[in-house]
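Residue numbers (the working numbering): 38 to 308.
Ideal Cβ placement from N, Cα and C applies to all residues, glycine included.
No experiment lies behind these values; they were computed from the predicted model shown.
Here's the structure we're looking at; comments come further down.
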């Protein structure tokens, strides 16, 4: 396995595989593992029914029992338009094809819209964990705009047998205030019903593009993650950081500390 990793990583193999972090100690991290639910989630105020839903996700598919997740998300029919997304492979206009792909791929769960999952729920909700995406950015408004609006209610996801709901927040955007309020309420209701919560935790603001694209800056995405867990998202989907120093590049924006860059992070991608 080590040799295969070296081959995949190429010239970066030595730097990545032999790196020793000198920023945040390993002991301070809550790393994935077989006992992750008992070690982390069970210590929180989540109802036991939420722990059961999380266990259903973590213990399904090829990664079952590892603490890692592979969730197939297919909401592109709304986010990017159905024609643009599925015309190259028309089979995926059919909701059943999406769910079957997740099953055949050994995914922990399948995430899609209320309409897609609802169309096949009686056939598949007991065969793979369902994650219903509640809000979306639709591209039929002219001119195109970017806002996450709610298409579904938490109760609809629960009624079809879903074990989790998901939502997107565009942190940094003018619309983020209402998105935070709406999603916080939805996540509270989902927990009351025993469902897990998943947050697509993205940054979105044209001002974040300077000499670099700071939408994937480690300091900004890290703060977005912090806001995400504050509304009790059980799982966060975040873009992998590609740079750092977003706060420093944006004048008169937010607050940070020199130690974030001098002591808690480095230029190494693992840090």
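According to DSSP, residue i sits in a beta bridge with which residue or residues?
i, result
"residue 186", "173"
"residue 237", "205 and 274"
"residue 280", "254"
"residue 54", "DSSP, once it has assigned bridges, lists no residue as partnering residue 54."
"residue 149", "111 and 169"
"residue 246", "250"
Can the beta-carbon of residue i be found less than 9 Å from the beta-carbon of residue j?
i, j, result
"residue 165", "residue 153", "no"
"residue 177", "residue 187", "no"
"residue 100", "residue 70", "no"
"residue 257", "residue 284", "yes"
"residue 307", "residue 106", "no"
"residue 231", "residue 89", "yes"
"residue 184", "residue 210", "yes"
"residue 104", "residue 73", "yes"
"residue 201", "residue 234", "yes"
"residue 223", "residue 199", "no"
"residue 275", "residue 262", "yes"
"residue 238", "residue 270", "yes"
"residue 279", "residue 303", "no"
Please go through the same chain and pick out, in chain order, the residues whose beta-carbon is closer than 8 Å to the beta-carbon of residue i, but skip the five residues on each side of it.
i, result
"residue 46", "53 and 54"
"residue 150", "112, 114, 115, 169, 170, 173, 188 and 189"
By DSSP, does residue i sit in helix, in strand, or in coil?
i, result
"residue 90", "helix"
"residue 307", "coil"
"residue 254", "strand"
"residue 108", "strand"
"residue 103", "coil"
"residue 178", "coil"
"residue 132", "helix"
"residue 95", "helix"
"residue 294", "coil"
Leaving aside the five residues before and after residue i along the sequence, list all residues of the same chain whose C-beta is less than 6 Å from its C-beta, in chain order.
i, result
"residue 245", "251 and 252"
"residue 146", "94, 108, 166 and 168"
"residue 123", "129 and 130"
"residue 110", "148"
Got a sec? Which residues, its chain only, sit under 7 Å from residue i by beta carbon, not counting five neighbours each side?
i, result
"residue 67", "77"
With a floor of 4 residues, list each alpha helix (DSSP H) that falls wholly inside the region 204-232, ordered by position along the chain. Given a length threshold of 4 residues, each whole run of the alpha helix (DSSP H) inside the region 204-232 is given here in chain order: 213-229.
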